[in-house]
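Protein sequences, first through last, are from chains U and P.
According to the numbering used here, the first sequence is numbered sequentially starting from 12.
According to the numbering used here, the second sequence is numbered sequentially starting from 769.
Even glycine gets a Cβ: it sits at the ideal position worked out from N, Cα and C.
Being a predicted model, the structure only gives us computed values, none of them experimental.
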Amino acid sequence: MNVQATTQALPPSMMKTALYALTLMVLVMASTGDADAEDHVVTQSNMSFSTADLTVKVGDTVSFSNRDSMAHNVYSLSDAKTFDLGSSAPNTSKKVTLDQPGVVDVECALHPSMRMKIKVTQ
Amino acid sequence: MQPSMIPRLCVLSLFLVHAFSNAETTTAPTPPPHEWRLPDHVPYPDGNEPTPQRVELGRMLYFDKRLSRDGTTSCASCHDPAQGWSDGLATSRGLDGKTLPRASPTIINAAYNTIQMWDGRKASLEDQAMGPMDSPDEMATDFDKLMALLGRDATYRAAFQAAYPDAPIDKLLIAKAIASFERTVVARNAPFDRWLAGDVTAMTVQQQRGFQIFVDPNTGNCAVCHRAPLFTDNGFHNIGLSSFGREGADPGRFAHKPIAVLKGAFKTPTLRNIAETAPYFHDGSAATLMDVVEHYARGGDVKTHLSPNLKTGPLTQQDKDDLVAFMQALSSPIPAPISAASTRVSHLPVAGK
């Protein structure tokens, strides 16, 4: 968007309004993250993650959706991302944002046979 | 009542009697039996197929007290075949009679576990076998002394040569042999197994009722963790034992994986031959199977960090009696003397190997 070209043609009062609108837009974009960021859904069913390997970009999110009849957990102690999403009851979902490049080893603390890797690229 | 209805009512009552009596003796297992059948073949890792020679060497080592520093303790001291391959104590005794902090887990069907020890710090049977030998509180093995002993003992030299030809005798080889022996300690012929295989009389009606409560998520909900077919999810749960409320409580799995839900969490044990391995829980705090059922029925005692899967529905006294009766149907005779020929092994991936 060519902001300068647009604002030059406006009278001062409208320009002030436009600047407020622009500031608001920037704040909204900052709070919602990169507009290109993608949400990847991984399901937990039959005591497994739906994929063993996933590649995402920095800024993407991964939603873990528990489709099992028991509670699960999702955590990682990897250098690239350390997080603990806590317990997920059946039919609930929890999300994590991957904000650094690297390999993230993900596991269910309750059921350590449930493992997967997320490769986070630039 | 009209006379013409009498024969019809007689037929109906006979039908109902027949239906109910059949229901008591021929109830089909639910969920489908195949889910609960123990896999036919015992997994083993690359490079350690449990041949008869390896199993025999492992058996010799397993029962040999000279493996411990002071010659008083063998693997069998805490994993005794006569005590359900555990030791009958609330928590084990180590070197010099020291009381250890946890109960001795049975090694029955440990071959199938994807993770070993109460806190999961060992990945395979090979890793696990070295644990007590390396521990200064347990066997505290003097490996220099042990290697000298094994090297000069003609019987051991021949057994190692037969089991692992031309391989140097070292800690790894000892661990591999003991693990090979442990892979023969398999329980697969309980009344429950025979019932699953189609013998409808193998379990009593009460035991069959107990199984239904065991798997019902709205009542017993036991199978949420004691899952098919191993009666364990190879997972870790804080089950609300009162010992977790004490100062300096055993953190369990949390000591190795610092995740909140793992505070005071311990591995779900198998229930195979459970009637023979009292007392129960990692701290040995339950004397009987009924004590265990009562613990779950009241939802545990200390409820901080309780596993989110610990949810038992309302249980009547009859339900509790049925659950205990069912667990008593999980005991198999384990053949002795044990040999590789008596078990079925196959080369399948083992976690961590």
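Sequence-ordered contacts of the segment 1001-1029 of chain P with chain U read Asp1001, Asn1002, Gly1003, Phe1004, His1005, Lys1025, Ile1027, Ala1028, Val1029 [C-beta pairs closer than 7 Å]. Spanning the alpha carbons of Asp95 (chain U) and Pro820 (chain P) requires a straight line of approximately 46 Å. Close partners of Asn1077 (chain P) in chain U (Cβ separation under 8 Å): Met81, Ala82, Leu121. Between Glu817 (chain P) and the set P:Arg951, P:Ser854, P:Asn1041, the nearest pair of CA atoms involves P:Arg951.
Contact note: Ala100 (chain U) reaches chain P through Pro1076, using a C-beta cutoff of 8 Å and chain order. Residues of the segment 88-118 of chain U with a C-beta less than 9 Å from any C-beta of chain P: Leu88, Asp95, Gly97, Ser98, Ser99, Ala100, Glu118, listed in chain order. Judged by beta-carbon spacing, Asp64 (chain U) lies beyond the 9 Å limit of Lys106 (chain U), meaning their Cβ atoms are not closer than that value. Shown here for Lys1071 (chain P): same chain residues with a beta carbon closer than 7 Å to its own, the five before and five after excluded, namely Gly1008 in chain order. One finds nothing in chain U with a Cβ atom closer than 9 Å to the Cβ of Pro811 (chain P); even the nearest lies about 13 Å away. For the pair Ala955 (chain P) and Asn1041 (chain P), the CB atoms are nearer than the 9 Å cut-off. Rounded to whole angstroms, Thr972 (chain P) and Gln929 (chain P) show a C-alpha spacing of 49 Å.
Around Ser124 (chain U), the beta-carbon contacts reaching into chain P at under 7 Å are Thr882, Asn1002. Note: Glu118 (chain U) is bridge-paired with U:Tyr86, U:Arg126 in the DSSP secondary-structure output.
With the criterion set as a beta carbon lying under 7 Å from some beta carbon of chain U, the members of the segment 980-993 of chain P are Pro985, Val992, in sequence order. Close CB contacts of Asn84 (chain U) within its chain, under the 6 Å cut and outside five residues either way in sequence, are with Ser98, Cys119, Ala120, Leu121 (chain order). Apart from sequence neighbours up to five positions away, the residues of its chain that approach Leu917 (chain P) with a beta-carbon distance below 7 Å are Arg834, ordered along the chain.
Remark: fewer than three beta-carbon pairs, one from each stretch, lie closer than 8 Å, so the segment 971-988 of chain P and the segment 1004-1024 of chain P are not flagged as touching. For Gly888 (chain P), the chain U residues whose C-beta falls within less than 9 Å of its own C-beta are Pro123, listed in chain order. C-alpha of Leu1030 (chain P) to C-alpha of Ala926 (chain P): approximately 46 Å in a straight line. At least 9 Å separates the beta-carbon of Asn881 (chain P) from that of Ser1100 (chain P). Leaving aside the five residues that flank Arg126 (chain U) on each side, the residues in its chain whose CB is nearer than 6 Å to its CB run, in chain order, Glu118.
Counting the other CB atoms within 10 Å of its CB gives Val52 (chain U) a total below 16, which places it among the exposed residues.
Residue burial is scored here from C-beta neighbours: Ser836 (chain P) has at least 16 other C-beta atoms within 10 angstroms and is therefore classed as buried. Not a single C-beta of chain U is nearer than 9 Å to the C-beta of Ala958 (chain P). Annotation: Ser1100 (chain P) is outside any beta strand (DSSP E) and is labelled neither H nor E by DSSP. Take the alpha-carbon of Gly919 (chain P) and the one of Arg1066 (chain P): they are about 56 Å apart. Proximity of the segment 997-1007 of chain P to the segment 868-888 of chain P meets the contact definition, three or more beta-carbon pairs being nearer than 8 Å. If you draw a straight line from the Cα of Val823 (chain P) to the Cα of Trp804 (chain P), it comes to about 27 Å. The C-alpha of Ala945 (chain P) lies about 45 Å from the C-alpha of Gly1081 (chain P). In the three-state reduction of the DSSP assignment, Ala871 (chain P) falls in the coil class.
Taking a cut-off of 8 Å for Cβ pairs, the segment 861-871 of chain P and the segment 1080-1096 of chain P do not touch, as fewer than three such pairs fall below it. Met127 (chain U) has a beta carbon lying at 9 Å or more from every beta carbon in chain P. The beta carbon of Asp90 (chain U) is closer than 8 Å to those of Gly113 in its chain, skipping five residues each way along the sequence. Contact with chain U is found for Arg995 (chain P), since one of that chain's Cβ atoms lies less than 9 Å from the residue's Cβ. Bounds of the beta strand (DSSP E) holding Val810 (chain P) are 810-812. Partner residues in the beta bridge of Leu65 (chain U), as assigned by DSSP, are U:Ile129.
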